[in-house]
Amino acid sequence: MGIGNYQVQPAAVRGVLANVRAEREDLATLRTTLRNDVEDLMAAAKMRAVVTALSSVWNDVLAVQAEAAETRVDNAVNGMEAALRAYEAGDAAMMDAARTTMGRSPALAVDDAITVGP
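Under the numbering used here, read the sequence shown as residues 6 to 123, first letter to last.
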């Protein structure tokens with residue numbers, strides 16, 4: 006069963022994907038905790054230059070990387086699920102489409118940016 010010389014155990018792959026999905030759900034909580042910690046640092050600093058620098062670190066680095074990680078995990082899991090379906094169906098075109106999904110670059114929209122008031 007399958008395409009080419011691949012030896013795949015679908016049940017095992019589905020188990021791994023379920024574990025990855027479960028851990029992916031934890032990323033949102035971790036992101037919120039990290040954002041709260043950055044905000045706590047900003048509140049403790051009380052110096053505009055430091056507060057501005059910390060907000061920039063969140064907005065330009067941490068939030069962007071967190072969003073990218075979430076998106077990449079989603080793309081990888083969705084792509085692997087599609088590849089598994091293609092493998093089971095013996096469909097090479099479907100396999101190519103799954104490969105494209107896994108390699109898709111994330112479109113990032115940071116919706117929890119930190120703004121610094123006047």
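Ideal placement from N, C-alpha and C gives every residue a C-beta, glycine not left out.
Please report the straight-line C-alpha distance between residue i and residue j, rounded to a whole angstrom.
{"i": "V18", "j": "R36", "result": "27 Å"}
{"i": "V62", "j": "L39", "result": "12 Å"}
{"i": "E28", "j": "V21", "result": "11 Å"}
{"i": "A23", "j": "M47", "result": "37 Å"}
Between residue i and residue j, which are expected to be in contact by the criterion C-beta below 8 Å, what is the C-beta distance as a whole number of angstroms?
{"i": "V121", "j": "T76", "result": "Not a contact, Cβ separation roughly 26 Å."}
{"i": "V43", "j": "L59", "result": "6 Å"}
{"i": "M99", "j": "A91", "result": "3 Å"}
{"i": "A118", "j": "A73", "result": "The Cβ separation is near 15 Å, so there is no contact."}
{"i": "N64", "j": "V115", "result": "7 Å"}
For the candidate residues the options, whose alpha-carbon lies nearest to that of residue i?
{"i": "T106", "options": "A88, G95 and L113", "result": "A88"}
{"i": "T34", "options": "N80, G108, A71 and R104", "result": "A71"}
Along the chain, which unbroken stretches of the alpha helix (DSSP H) at least 4 residues long are found entirely within the region 10-73? 15-50 and 53-62
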